[in-house]
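Numbering (this note's numbering), first residue to last: 504 to 699. Taking it in order: structure first as structure tokens, then the write-up.
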Amino acid sequence: MRAAPLVLRDGDREILQAWIRSTTMKSGLVLRARIITLAADGVAHAEIARRFDISRQTVINWRSRYQTHGIDGLHDEHRSGRPRTLDRDKLITTTLTPPPRKYGVTHWSSRLLADHLGIAHGTVSKVWSEYGVQPWRAETFKFSTDPELAGKVTDIVGLYMNPPENAIVLCVDEKSRAPRGADESRAGGGARRRSS
């Protein structure tokens with residue numbers, strides 16, 4: 504039996520259409536807005552599910568949430584339990600430490616580190632991106648054994664991301680092994696190293 508078209512509340516179609524057109528709205532909310540507008544247009548649950556590669560039950564659930572709570576029902580509900588915590592210091596410190604020999608690799612991949620720490624590899628990738636860490640690039644990455652590294656990294660990244668007003672921030676490689684003028688042979692512009 505085909506469900507009757509969903510009756511939208513006053514003004515909701517315009518809001519849902521704005522969500523669908525938005526480039527900044529979360530993708531989950533955009534999908535829900537599409538589900539609801541199609542249901543209001545009389546499109547069958549199975550057809551909506553097919554179009555978005557979701558289950559028919561998902562369509563029914565969102566339709567029901569809209570009928571009960573309106574637009575507010577399309578937002579994610581508060582989840583019970585303890586909020587997830589991520590120890591960024593541990594993640595960065597582990598990243599900057601060579602992987603155990605049992606893995607047989609010279610540097611971490613996001614998936615390997617995620618498995619090692621028991622977290623999602625997307626989380627590792629996100630934190631690496633935030634800190635500008637690229638362990639696969641030998642040119643820009645060196646392992647450190649400094650026990651205070653996590654605190655220093657946080658301080659330095661914080662300084663770069665939010666420098667004090669009128670500050671001049673300089674980066675000096677105190678242990679550079681590059682011979683004098685090694686980078687001068689590179690074609691093009693860009694950042695250059697200076698040895699003294």
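Note that beta-carbon positions come from the ideal geometry of N, C-alpha and C, so glycine has one too.
Residues Y634 of the same chain have their beta carbon placed closer than 7 Å to that of V660, with the five preceding and five following residues left out of the count. When only Cα atoms are considered, R604 and S530 end up about 41 Å apart. For W639, no alpha helix (DSSP H) run applies, since DSSP gives it neither H nor E. The criterion of a C-beta distance shorter than 7 Å is not satisfied by P650 and H610.
In the three-state scheme derived from DSSP, where H, G and I count as helix and E and B as strand, W631 is classed as helix. Minimum Cα-Cα distance from R505 among the listed residues G621, A549, R553 corresponds to A549. According to the DSSP assignment, R516 belongs to the alpha helix (DSSP H) that extends over 515 to 524.
The shortest C-alpha to C-alpha distance from S632 to any of T600, R591, Y606, P666 is the one to R591. V660 carries a helical assignment under DSSP once its states are collapsed to helix, strand and coil. With fewer than 16 other Cβ atoms inside 10 Å of its own Cβ, L673 counts as exposed. For T588, no alpha helix (DSSP H) encloses it, and the DSSP letter there is neither H nor E.
Collapsing the DSSP output to three states places S612 in coil.
When rounded, the separation of the alpha-carbon atoms in D556 and A542 is 16 Å. Minimum Cα-Cα distance from V510 among the listed residues A653, I539, V533 corresponds to I539. Excluding the 5 residues flanking it on each side, P666 has same chain C-beta neighbours closer than 7 Å at V672, in chain order.
If you look at H581, you'll find it isn't in any alpha helix (DSSP H); DSSP assigns it neither H nor E. In this structure L616 is in contact with V627, their Cβ atoms being roughly 5 Å apart against a cut-off of 8 Å. For E550, the three-state secondary structure derived from DSSP is helix.
The closest CA to that of Q570, considering only V675, Y606, D515, L662, is found on D515. When C-alpha distances from T596 are compared across G654, L662, P508, R524, the shortest belongs to G654.
CA-to-CA, the gap between D618 and V656 works out to about 23 Å.
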